[in-house]
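Q: Going down the list, the sequences are from chains A and B.
Taking the working numbering as reference, the numbering of the first sequence is continuous, increasing by one, and the terminal residue is 524.
Taking the working numbering as reference, the numbering of the second sequence is continuous, increasing by one, and the terminal residue is 337.
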Amino acid sequence: MTTRNGNSNHDVILEVRNVSKSYPGVKALDRVSFDLRRGEVHALVGENGAGKTTLMKILSGVFEAEEGEILYKGESISFTDVTQASKAGIAIIYQELNLIPHLSVAANIFIGREPRTRFGTLDEKKMNTETKKILGRLNITLDPTTLINQLPVSKQQMVEIAKAISFESEVLIMDEPTSALTESEIDELFSIIQNLRDDGVAIIYISHRLEELNQIADRISIFRDGCWVSTDDYEDIELDEIVNRMVGRKLENKFPPKKNIPTKEKLLEVRNIVRKGVIHDISFDLYQGEILGIAGLMGAGRSELVRAIFGADPIDSGDVYMNNERVSIKSPAEAIKAGIAYLPENRKEEGVAVTMQLDENITMADVPRISRRFGLLSRKQEEEIAQHYVNELLIRTPSVHQVVNHLSGGNQQKVVVSKWLFCNSKILIFDEPTRGIDVGTKYAIYEFIEKLAREGRGVIVISSDLPEVLGLTDRLLVLHEGHLVATLNTAEVTPDEVLNYAAGLGSSNQKQAQVLN
Amino acid sequence: MQMGEIVKKQKSRIETLDRPQRSKRVLDKLFTFGAVIGLFIYFSFTARNFFTARSILTLILQTSTITIMGIGVTFTIITGGIDLSIGSVIALAGTVAVMVAIAGVPIGLSMLIGLLVGVICGALNGLMITRLKLPPFIATLGMMMVARGVALTITNANAWPAPGNFGDLGNKTILGTGPKFPGIPYPVLIMIAVALIFGFILKRTAIGRYTYAVGSNEEAARLSGIKVDRVKMICYIFSGLLSALVGIILASRMVTSQPNSAVGYELNAIAASVIGGTSTLGGVGTVSGAVIGSFIIGILTVGLTMQGANYFMQQIVIGLVVIGAVSVDKLKGRR
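1) For A161/B, go through chain A and note every residue whose CB falls closer than 9 angstroms to its CB, in chain order.
2) Give the DSSP-derived three-state secondary structure of I223/A in the structure shown.
3) Can a CB atom of chain B be found closer than 8 angstroms to the CB of Y349/A?
4) Helix, strand or coil for F139/B? Go by DSSP, reduced to three states.
5) Below 8 angstroms on the Cβ atoms is my contact criterion, and I expect A264/B with A49/B to pass it. Report the Cβ-Cβ distance as a whole number of Å.
6) Which residue wins for smallest C-alpha separation from G371/B, given the options I122/B, G89/B, G74/B?
7) Of all the CB atoms in chain A, is at least one closer than 8 angstroms to the CB of G291/B?
8) For chain A, find out if any of its Cβ atoms is closer than 8 angstroms to the Cβ of Q23/B; answer yes or no.
9) Starting from Y328/A and walking both ways along the alpha helix (DSSP H), at which residues does that stretch end?
10) Nearest to F381/A by CA position, among A208/B, R232/B, A103/B, T132/B, is which residue?
11) Under 7 angstroms Cβ to Cβ from Y267/B, same chain only, skipping five residues before and after it: list those, please.
12) Among the residues of its own chain, which have a CB less than 7 angstroms from the CB of C430/A, if the five just before and after it don't count?
13) Would Q23/B be called buried (16 or more neighbouring beta carbons within 10 Å of its own) or exposed?
14) Just the C-alpha distance for G291/B and I301/B, rounded to the nearest angstrom, thanks.
15) Just to confirm the assignment, what range does the beta strand (DSSP E) spanning C234/A have?
16) Mind checking which residues open and close the alpha helix (DSSP H) that includes V121/B?
17) Any contact between the segment 389-404 of chain A and the segment 218-226 of chain B? By contact I mean 3 or more CB pairs, one from each, below 8 angstroms.
18) Cβ closer than 9 angstroms: which chain B residues qualify as neighbours of V361/A?
19) Please state whether the Cβ-Cβ distance between T97/B and P261/B is less than 8 angstroms.
20) Could you pull the start and end residues of the beta strand (DSSP E) that T494/A belongs to?
21) Considering only the beta carbon of each residue, do D205/A and R226/A sit closer than 8 angstroms?
22) Measuring only between beta-carbons, confirm whether A195/B sits less than 8 angstroms from chain A.
23) Which runs of the alpha helix (DSSP H) at least 4 residues long sit entirely within the segment 18-74 of chain A? Give them in chain order.
24) At which residues does the alpha helix (DSSP H) containing D243/A begin and terminate?
25) Between which two residues does the beta strand (DSSP E) carrying L525/A extend?
26) Going by DSSP, what residue range makes up the alpha helix (DSSP H) through H215/A?
27) Using only alpha-carbon positions, find the residue among E219/A, S83/A, T136/A that is nearest to Y241/A.
28) How would you call A159/B, buried or exposed, if buried means at least 16 neighbouring beta carbons within 10 angstroms?
29) What does K458/A reach in chain B if we use C-beta pairs closer than 9 angstroms?
30) DSSP on Q23/B, reduced to helix/strand/coil?
31) Any contact between the segment 414-427 of chain A and the segment 322-329 of chain A? By contact I mean 3 or more CB pairs, one from each, below 8 angstroms.
32) Compare the C-alpha of D18/A against each of V359/A, P321/A, V178/A and name the closest.
33) Between the segment 304-320 of chain A and the segment 478-495 of chain A, do at least 3 Cβ pairs fall closer than 8 angstroms?
34) Between which residues of its own chain and V248/B is the CB-CB distance below 6 angstroms, once the five residues before and five after are set aside?
35) Using the Cα positions of D338/B and G128/B, report the straight-line distance between them to the nearest angstrom.
36) Return the chain-ordered list of same chain residues with a C-beta closer than 6 angstroms to the C-beta of M130/B, the five sequence neighbours on each side being excluded.
Here it is, written out as structure tokens:
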């Protein structure tokens, strides 16, 4: 009945009706309904835990629904594994890409269903020509024989898309596809998505980056706490309204009011840092109470710059001064001793020790502080410390002894923050602090960064999210290919200007940059 | 005010949820420990003379060497590494101690020299892994061959008799009351001391904490200011030291230099550690687990022998236990 209904106006390819799914103790999806049409990009938004991922996993055959029904091309379906779904034409591209790094593009696309020659060996030639055809269809220029680990993330993602397309997928689900891409790569991705849409592919597009949806979304569905909230044509809904529905309350501002006041006291002076081929002669200052942003495209050397200052990567020359004294930082241990903290970009790879407990992670950077006689660690003190930060940062965990692996991304981030607070760091460097984190938690992290600055610490924030950098910082460094191309007062700058600098185009307003430099 | 309430609410939630999680962990430990007791009871009923003070002491004595090695290798496995040189270091440390004793060095000092040999081997393993960036498998495989070769060279591949009281450490006991209870052998006391000391180091001190951190996430550990290379060095030195200790105990028990002894012992050590729950992926493992694991191996070996099963049969059973223990852990992890 509904199918007929759908067909009267639009060509509905996939329909979800009253689907529910529970995990022990949590109702992840509560009688959710939603439909997807051929040739549309359907944005799916909601905070972490809203049920988006669960729904996607049901659609792609990872989980089975407990209640309700899914109609695909008018027929009721229930996939029991991913292969069935992809054979039927439903493909999913996860945020964490599933490619095999040491194999070629073609080998990855055909993995598990490689064409064979007459002799039963792999038909490399056919794989390569087929791959070239698929890539050509998507306007992607890539050599099929390139190994995946030699490609940047953006290209790897395109390989994933090509792989999905090679299954003749009619429904493509993309989970946070832009989280690791730069602006220009995002444009490229969007043009590919638009091509697919024009070819009639139905696309479900999950994203935390609401700003980018206006470039791509035709309709938008909002989820909250496992329930469907609304579905609208994208044109008919304002950004503010989307956010309100996602969080279920009115968020007055995306960023907390800035109350931190940068002083004239220099906390950190970086002079002529050089790392050959990566960072070219960069100097800057960080003041007490200041939030300093570092903007730039991917590969501009942002993380590399702060890693060099933190002693995580070696430098070829340059000096760092703290409180007007030269400090030698050759290892993270020395940086930490000097009062610098670094919250890395990849939480799982570099930030937390996932098999260890929450409390053990918090004390990790300053274990001697909980050591007693004979080097005995005080478990009780450790527990109290962890409890303190759990309360202060509202870390959601069943216990301070919880193994960090079981915490959500936002909570893991809070654990990393707690670790550095415990060290009493005076300078905190945040590298992409909100990547992959939902709107509500984002706000909490912004608030928290602002509070750190208000307490007289210096904060450096690296972010690919331009509104974030502009909304949060007092001053802004813009890097381009390892050079510092501009030092700007955030209050006086427009997004376009920053982007121009970051793209290496300079600014129409050179004067301003010179004054600030 | 409102904030305070939220905090309070959350706090009470934490307290209520904390207890079951903890008791689950205790239960897990009890389960493996229960396996030891179960095996023990099983053999007490099925193997004649198994449940006598004499054979229990023999059992503990035989197991003590596996336990000591197992504890050493547990440290290296937790860091995400491995130590394949254990058997060879045992032979080398034992032969060096015997040879210097024969040369006239006092017994105590010659044993200390033997231990030093183990420390040096461990340090060399550590240097290869941290400086040359060799995979631990390769570095310790090389050391396994080199140490064995050196042991054979300095003894000319012969078993040289050691001076008389060299054998005290391996053969004497305390608290003996006669033939019924021959007393607790020194090696057993050494094992208990090693388990207590290294258990303490791993669970309760900074170096132990760092060992877990390095194995769990090396980069996160480094960025937290942990001197990763130093931690690894210490772990390989621990393994070398404990191997040497076993080498001296064995040489003392035989009262001879045995350059061909302890071949493949590292595999027993690794098996004990893994049965006890150490993850070869790093970041997970305990000293108590290694102790329990080695006792499972020890009881099976002794029990099966007394039941009359031959050596080949024992190998099959122990192999299946290793596979089974890790499978159970895997299944649990998935749940």
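Every residue, glycine too, gets a C-beta built ideally from N, C-alpha and C.
Keep in mind it's a predicted model, so treat the numbers as computed, not measured.
A: On the basis of the data shown:
1) Position 159 of the second sequence, counted from the first residue, corresponds to residue 161/B. Those within 9 angstroms of A161/B in chain A number zero; the least Cβ separation is about 42 angstroms.
2) As a working mapping, residue 223/A is identified with position 216 in the first sequence. The answer is coil: DSSP assigns I223/A none of H, G, I, E or B.
3) The count along the first sequence starts at 1 and reaches residue 349/A at position 342. Y349/A counts as touching chain B.
4) For the purposes of this step, residue 139/B is identified with residue 137 of the second sequence, where counting begins at 1. Three-state result, F139/B: helix.
5) Stepping through the second sequence from its first residue, residue 264/B is reached at position 262. Stepping through the second sequence from its first residue, residue 49/B is reached at position 47. Not quite, the Cβ-Cβ distance comes to about 26 angstroms (not below 8 angstroms), so this is no contact.
6) Outside the displayed range of chain B (3 to 337) lies residue 371/B, so it cannot be described from this structure.
7) Position 289 of the second sequence, counted from the first residue, corresponds to residue 291/B. Output row for G291/B: interface = no.
8) The residue labelled residue 23/B in the question sits at position 21 within the second sequence. Below a pLDDT of 50, predicted positions are generally treated as unreliable, and Q23/B, at 48, falls in that range; no measurement from the model is reported.
9) Translated into the one-based positions of the first sequence, residue 328/A becomes position 321. According to the DSSP assignment, Y328/A belongs to no alpha helix (DSSP H) but to the beta strand (DSSP E) extending over 324-329.
10) Residue numbering aside, residue 381/A sits at position 374 when the first sequence is read from its first letter. Nearest option by C-alpha distance: A208/B.
11) The residue labelled residue 267/B in the question sits at position 265 within the second sequence. Here the set comprises M71, I88, G89, I92.
12) On the first sequence, residue 430/A is found 423 positions in, with the first residue counted as 1. Answer for C430/A: I343, A348, A372, D373, listed in chain order.
13) Here residue 23/B refers to the residue found at position 21 of the second sequence. Because Q23/B sits at a pLDDT of 48, beneath the cut-off of 50, its placement in the model cannot be relied upon, and the point is left open.
14) Numbered from 1 along the second sequence, position 289 holds the residue referred to as residue 291/B. Numbered from 1 along the second sequence, position 299 holds the residue referred to as residue 301/B. Near 15 angstroms, if we compare the C-alpha coordinates of I301/B and G291/B.
15) Translated into positions along the first sequence, residue 234/A becomes position 227. Run containing C234/A: 234-240, per the beta strand (DSSP E) assignment.
16) Your numbering for residue 121/B matches position 119 in the second sequence. The continuous alpha helix (DSSP H) containing V121/B extends over residues 109-132.
17) no
18) As a first step, residue 361/A must be located in the first sequence, where it is residue number 354. Here the neighbours are S218, N219, A222, G285.
19) Your numbering for residue 97/B matches position 95 in the second sequence. Your numbering for residue 261/B matches position 259 in the second sequence. Yes. Within cutoff.
20) Within the first sequence, numbered from 1, the residue matching residue 494/A stands at position 487. Taken as a continuous stretch (DSSP letters only), the beta strand (DSSP E) holding T494/A covers 490-496.
21) Position 198 of the first sequence, counting from 1, holds the residue named residue 205/A. Position 219 of the first sequence, counting from 1, holds the residue named residue 226/A. For D205/A and R226/A, no; Cβs fall outside 8 angstroms.
22) Along the second sequence, one-based indexing puts residue 195/B at 193. A195/B does not count as touching chain A.
23) 59-66
24) As a first step, residue 243/A must be located in the first sequence, where it is residue number 236. Boundaries cannot be given for D243/A, as no alpha helix (DSSP H) includes it and DSSP labels it neither H nor E.
25) Lying outside 8 to 524, the shown extent of chain A, residue 525/A is not represented and no answer is given.
26) Mapped onto the first sequence, residue 215/A falls at position 208. The continuous stretches of alpha helix (DSSP H) do not include H215/A, and DSSP gives it neither H nor E.
27) Translated into the one-based positions of the first sequence, residue 241/A becomes position 234. Measuring from the Cα of Y241/A, the nearest candidate turns out to be E219/A.
28) The residue labelled residue 159/B in the question sits at position 157 within the second sequence. So A159/B counts as exposed.
29) Here residue 458/A refers to the residue found at position 451 when the first sequence is read from its first residue. Going along chain B, no residue has its Cβ under 9 angstroms from K458/A, so there is no contact; the nearest lies around 13 angstroms.
30) Here residue 23/B refers to the residue found at position 21 of the second sequence. No answer about Q23/B holds up, because its pLDDT of 48 lies below 50 and its placement is not dependable.
31) no
32) Taking the first sequence and counting its residues from 1, one reaches residue 18/A at position 11. The shortest Cα separation from D18/A among V359/A, P321/A, V178/A belongs to V178/A.
33) yes
34) The residue labelled residue 248/B in the question sits at position 246 within the second sequence. Closer than 6 angstroms at the Cβ level, and outside the excluded window around V248/B, lie T67, I70, M71, I92.
35) Examination of residue 338/B is not possible in this model, given that chain B is present from 3 through 337 alone.
36) For the purposes of this step, residue 130/B is taken as residue 128 along the second sequence, with counting starting at 1. Excluding positions up to five away in sequence, the list reads L136, A141.
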